[in-house]
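Residue numbers (the numbering used here), protein chains in the order written: chain A, 1 to 409; chain B, 1001 to 1409.
Working notes, beginning with the structure itself.
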């Protein structure tokens, strides 16, 4: 079950002026399941995004990037679950384009004004006929207050929907930000089987919107990992409709940009952490704080070595303060001049290791007490420099194996 | 249960002239368990080794390296299970030295003529008194035909002992090679909670012995992975007593060196594969053959991305040809200019993927048939160059989680 994460409350998800959402059951993988989402955007809306770095990136990722680069303005996003349209070669590209053309036909716009997203099984042909047949119903039921259903329509192995809204006052005008995301396995930075959509009625120039989505992603989705697998399909999109009436944000040095970036990052961080809390089979939410590194790279190297170690993850599952496994992971992280005599490791407030070994003050019962919690922080103080970094991950349980040994069946 | 691996037959393990082995029950972690091994070496024996690259390397690793560098000739190896003496700081170093001194006292040699090895739980103090108390019994019962018991005495979570002998004729003289190893979890190249001891009665110069152990390790123990965790304690030692009467091997360009390297590599490969076959919770033995890479680094990068992917490993556990997960792993391996259109992926003899997606000829039942086997080969043909590399790994099962969630209890 998700770790300290509850389903969003529909009434707390605020409409974003200029965005309306429609859902349909297209029967892509199985019947009676919402598996199609259409997000219609008002004219003049700006869209920016970051995408997976996987070389086997899915056809819709390639098409979405193309359309973002050469468009007359994005008018809609189309998301399907049940099939990732990845590892599908030339036919996959045709199918992704065909899905855009089908929606464009219904909306009376060009195909390159549609951005396509797919998530689900890899290497199966996209059932384009089912998607095309499902689109009219999705378009017919679009509403602005449909974020709750939209968050549910993009779920795959997720147990709980991920959605949040936030409002900030920019120069005296209230601006709304609402975001949804999906993902619970194959989660790794740069990025994951993760789809995230954050929309705001603020107005932001196109280059600043791109800068904002990259910066917020680096502090949120690019700091999480469930199993270290980087998906073929990830995307985080930031949508700005400009309908709030607030003045356009035009400079990265402005107070309003900083304010807006902080708010978007807060939404992105909530969604990213929610993905980890709903990690496949997760029973523990683990925050890994790296402090005093020489640079961000080494902080993340060590942090991810801890976060990816199956031995560390199973020890957390067992609530066993087998802290040697954390030390071992730090040791093999690949920081070749690391002086293990100098670093300190804490489990929440408990000093666990220093001077290259177990801390003299450490008592097994203190470690045991922390390990019983469902939210735990590992803090590694490197004493090498002034750079910090924080990552989030979860433990590794029987259920992770169960879910992933039976996902296709 | 181990995958196609049976216990060695005692009568097939050949004594190596100049090596005698003694075993004791020292009660290090629990009673009634063989947990101490002493290997006595005849005067003039040469010893070379490769050790873990983990920065948190265990105290015995540091001491063994010291003693190899400044010694009057190694006279014995001392191995204990039940405690790794890793992450134990200054006290750990004292304890490792004390164990050498205790054995040296019994043998009438210097402490720096003893090499210590420990494996087991990390971050617990080494019970040096128990080890010292157990040593006289181990020394008292040394025998040359004791390899079978020695292989058992070094086991921790291993289900099956790993041991093999081989004979080769060098310049008309029969030379014997016998090796033992332990390890089943925390297995990763460079290296693993892996201890390996290969002894021969051949005569080899010290520099060539070092070259031989490194070269054979690179083609065997450095090509396996169970869970991607690199232990604090790994060591592979190559021991040459020179008692066979065969002429000393003095040149790396000689036919006898090549012959001997091949034989040692064969023994090392058997032991390394045995560790994977006995991988914690393993139900499948998976060979990953990378072909046509530009260099070994990229071959291993992609091979390990496949081997470490929990999603790939759980799909193998489920006998599910969910091949998209293999493609995804190839894609995120970090080879930034990889052209996925050019590569081909085979499951045994079945062509699975080409032209960036599923092969037109691929039938699910063919994949299903191969996945039912307990020994499976994934072959990735990169079509980028002429370099090949082979790795071995196992699948990821409920039992892996079970074993590692309860290891300390």
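Backbone N, C-alpha and C define an ideal beta-carbon position, used for all residues, glycine too.
If you're wondering where the values come from, they're calculated on a predicted model, not measured in any experiment.
With fewer than 16 neighbouring CB atoms inside 10 Å of its own CB, residue 169(A) falls in the exposed class. The beta carbons of residue 338(A) and residue 1030(B) sit no closer together than 8 angstroms. Legend: CB atoms of the stretch 119–141 of chain A lying less than 9 angstroms from CB atoms of chain B belong to residues 121, 122, 123, 124 and 125. Residues of chain A whose Cβ lies closer than 9 angstroms to the Cβ of residue 1384(B) do not exist, since the nearest Cβ in that chain is about 12 angstroms away. Taken in chain order, the members of the stretch 80–109 of chain A whose beta-carbon sits within less than 8 angstroms of a beta-carbon on chain B are 84, 86, 87, 88, 89, 90, 91 and 92.
Residue-level contact check: residue 1030(B) does not touch chain A, since none of the beta carbons of chain A fall below 8 angstroms from its beta carbon. Of all residues in the stretch 1338–1359 of chain B, the ones placed with a Cβ closer than 7 angstroms to any Cβ belonging to chain A are 1338, 1340, 1353, 1355, 1356, 1357 and 1358, in chain order. At a cut-off of 8 angstroms, the C-beta of residue 116(A) has no neighbouring C-beta in chain B. The stretch 1067–1085 of chain B makes no contact with the stretch 1004–1012 of chain B: fewer than 3 CB pairs, one atom from each, lie closer than 8 angstroms. Listed in chain order, the non-local C-beta contacts of residue 1251(B) below 7 angstroms within the same chain comprise 1257, local neighbours out to five positions each way being set aside.
Taking 8 angstroms as the cut-off, the beta carbon of residue 1147(B) is found no closer than this to the beta carbon of residue 1137(B). With the rule of 3 Cβ pairs closer than 8 angstroms, the stretch 1091–1105 of chain B does not count as touching the stretch 1151–1161 of chain B.
Assignment of beta-bridge partners to residue 375(A) by DSSP yields 285(A). At least 8 angstroms separates the beta-carbon of residue 239(A) from that of residue 141(A). If you check each beta-carbon in the stretch 1289–1307 of chain B against every beta-carbon of chain A, none falls closer than 8 angstroms.
Per DSSP, reduced to three states, the secondary structure at residue 1042(B) is coil, with no helix or strand assignment.
Counting only runs of at least 3 residues, the stretch 1131–1205 of chain B fully encloses the following beta strand (DSSP E) elements, listed from N- to C-terminal order: 1162–1170, 1173–1182 and 1195–1200. When DSSP states are grouped into helix, strand and coil, residue 100(A) belongs to the helix group. In its chain, beyond the 5 residues on either side, 35, 36, 130, 131 and 134 have a beta carbon closer than 6 angstroms to the beta carbon of residue 26(A). In the three-state DSSP reduction, residue 1310(B) falls in the helix class (H, G or I).
For the 8 angstroms CB-CB criterion, residue 352(A) and residue 235(A) do not form a contact.
Non-local C-beta neighbours of residue 263(A) in its own chain, meaning closer than 7 angstroms and more than five positions away in sequence, comprise 166, 168 and 177, ordered along the chain. Rounded to the nearest whole angstrom, the C-alpha separation of residue 1120(B) and residue 213(A) is 47 angstroms. Annotation: Cβ neighbours of residue 1401(B) in chain A (cutoff 8 angstroms, chain order): 314, 317, 396, 397, 398, 400 and 401. Within the stretch 43–114 of chain A, the complete alpha helix (DSSP H) runs of at least 4 residues fall at 59–69 and 89–107.
For residue 331(A), the chain B residues whose Cβ falls inside 8 angstroms of its Cβ are 1054, 1055, 1056, 1057, 1230 and 1232, in order along the chain. Comparing alpha-carbon positions, the option among 1319(B), 1344(B), 1372(B) and 1371(B) lying closest to residue 1359(B) turns out to be 1344(B). Residue contact check for residue 405(A) against chain B: a CB pair falls below 8 angstroms.
When 280(A), 232(A) and 143(A) are compared, the shortest CA-CA separation from residue 1329(B) is found for 232(A). For residue 325(A), the nearest beta carbon of chain B is closer than 8 angstroms to its own beta carbon. Here residue 1321(B) is actually not in contact with residue 1291(B); their C-beta atoms are around 21 angstroms apart, not less than 8 angstroms. In the DSSP assignment, residue 1344(B) falls within the unbroken beta strand (DSSP E) covering 1344–1347. Only residues of its own chain outside the window of five on either side were considered, and among them 19, 20, 21, 22, 75, 76, 107, 139 and 142 have a CB closer than 8 angstroms to the CB of residue 40(A), listed in chain order.
DSSP, reduced to helix, strand and coil, places residue 1290(B) within a strand of the structure shown. When DSSP states are grouped into helix, strand and coil, residue 222(A) belongs to the helix group. The beta carbon of residue 67(A) sits closer than 6 angstroms to the beta carbons of 112 and 115 from its chain, once the five residues preceding and following it are set aside; these are given in chain order.
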